[in-house]
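Here's the structure, in structure tokens; my notes come after.
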Amino acid sequence: MKKEITIHFAKGAIMPEVRGLIVAKDLEKFGEIVELRPDLRKNECLPSKTPLVIFLETEIDEEELKPRLVHSDIDRFDIRDSEGEESASDPNAEVEVLELIDRISKEFLLIDRGDRDALNAIRDTMERIQTLGVDRVAETCREGVSLLERLLASDTEEDSATWTKLEEAVESLQDWRKENQTGELETDPEGVAGDEDPEAVVEAEEPDEAVAAPSSLFTIEKDPEMAACFAGEASEHLETAEIE
Numbered sequence: 385m386k387k388e389i390t391i392h393f394a395k396g397a398i399m400p401e402v403r404g405l406i407v408a409k410d411l412e413k414f415g416e417i418v419e420l421r422p423d424l425r426k427n428e429c430l431p432s433k434t435p436l437v438i439f440l441e442t443e444i445d446e447e448e449l450k451p452r453l454v455h456s457d458i459d460r461f462d463i464r465d466s467e468g469e470e471s472a473s474d475p476n477a478e479v480e481v482l483e484l485i486d487r488i489s490k491e492f493l494l495i496d497r498g499d500r501d502a503l504n505a506i507r508d509t510m511e512r513i514q515t516l517g518v519d520r521v522a523e524t525c526r527e528g529v530s531l532l533e534r535l536l537a538s539d540t541e542e543d544s545a546t547w548t549k550l551e552e553a554v555e556s557l558q559d560w561r562k563e564n565q566t567g568e569l570e571t572d573p574e575g576v577a578g579d580e581d582p583e584a585v586v587e588a589e590e591p592d593e594a595v596a597a598p599s600s601l602f603t604i605e606k607d608p609e610m611a612a613c614f615a616g617e618a619s620e621h622l623e624t625a626e627i628e
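Heads up: the sequence shown begins at 385 in the working numbering, then just goes up one per residue.
Right, dumping it as structure tokens:
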């Protein structure tokens with residue numbers, strides 16, 4: 385049976401990555417560590433407020449595992465059975481994720497690299513997305529939070545490499561947003577108008593011009609009286625012009 389163990393570290397925990405690895409190593413006595421999120425074994429950091437999720441293949445009862453998770457660095461933990469398959473996302477959660485990604489996109493578009501309040505706001509939004517159970521964006525947000533932590537701890541205006549990675553993370557969220565948008569979010573009114581209106585204008589204008597001019601010429605050429613009248617009016621205009 386696979387167990388999914390979610391560990392939330394205490395606010396004042398020092399180097400939660402180390403504590404997380406110690407816990408994982410201890411749990412290996414009871415089974416096989418199938419996965420760590422984030423994978424601390426690959427020297428991935430654990431951003432602030434981000435839980436560590438351990439997938440443990442074991443036959444040990446939940447009550448036997450709990451004592452291994454009690455520590456002053458650990459605020460709380462949750463153990464549940466996992467089937468090993470990605471569960472279907474809650475539709476309401478996906479709608480909220482779409483809205484939160486829109487918020488991140490707007491904030492990031494207008495951000496001043498030295499604006500720490502804006503960086504903190506984006507980090508908080510990404511941390512919120514991580515709690516909604518949409519796996520792909522949760523992974524991207526974990527990376528984004530880590531990058532934001534790095535920017536907040538350094539000279540944000542000079543760390544161009546980290547900024548580039550953060551831009552890529554935001555673009556990844558936007559790609560997911562485009563793939564999963566629904567209803568009215570799916571349509572860009574300006575884009576639709578831009579595609580259709582020019583053709584409609586051309587079709588409306590060209591027939592008017594094409595019909596109007598030949599119609600008047602045809603009438604004058606085929607009607608002798610109108611032709612004579614037209615010639616007489618033209619002659620009068622010329623005489624008046626000469627007198628003036």
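Heads up, the beta-carbon is just placed ideally off N, CA and C, and yes, glycines get one too.
- Within the same chain, I488, S489, F492 and G528 come within 8 angstroms of V554 by CB-CB distance, once the 5 residues on both sides are set aside.
- Comparing alpha carbon positions, the residue from A397, K450, V418 and A522 closest to V481 is A522.
- Within its own chain, the residues whose Cβ lies closer than 6 angstroms to the Cβ of R403, once the five positions on either side in sequence are excluded, are D457, listed in chain order.
- Contact between the stretch 392–406 and the stretch 431–448 is present, with at least three C-beta pairs closer than 8 angstroms.
- Residue state for G498 is assigned as coil, using DSSP reduced to three classes.
- Exclusion of the five residues before and after D496 leaves A502 as the residues of its chain whose Cβ lies within less than 8 angstroms of its Cβ.
- Here I398 carries a coil assignment [DSSP, helix/strand/coil].
- The secondary-structure analysis by DSSP pairs S556 with nothing; it has no beta-bridge partner.
- I485 carries a helical assignment under DSSP once its states are collapsed to helix, strand and coil.
- DSSP lists K386 as the beta-bridge partner residues of S466.
- Per DSSP, reduced to three states, the secondary structure at L420 is strand.
- Collapsing the DSSP output to three states places E443 in coil.
- Residue nearest to I513 within the set A477, L453 and F414 is A477 (criterion: CA-CA distance).
- Taken through DSSP and simplified to helix, strand or coil, D457 comes out as coil.
- Cβ atoms of I389 and I463 come within 8 angstroms of each other, at about 5 angstroms.
- Secondary-structure assignment with DSSP links L531 through no beta bridge to anything.
- Bridge pairing for F393: I458 [DSSP].
- Closest option to F461, judged by alpha-carbon separation, among V407, G415 and E416: V407.
- By DSSP's assignment, L436 forms a beta bridge with I391.
- In the three-state reduction of the DSSP assignment, G415 falls in the strand class, which pools E and B.
- Counting of Cβ neighbours within 10 angstroms places A397 among the buried residues, the total reaching 16 or more.
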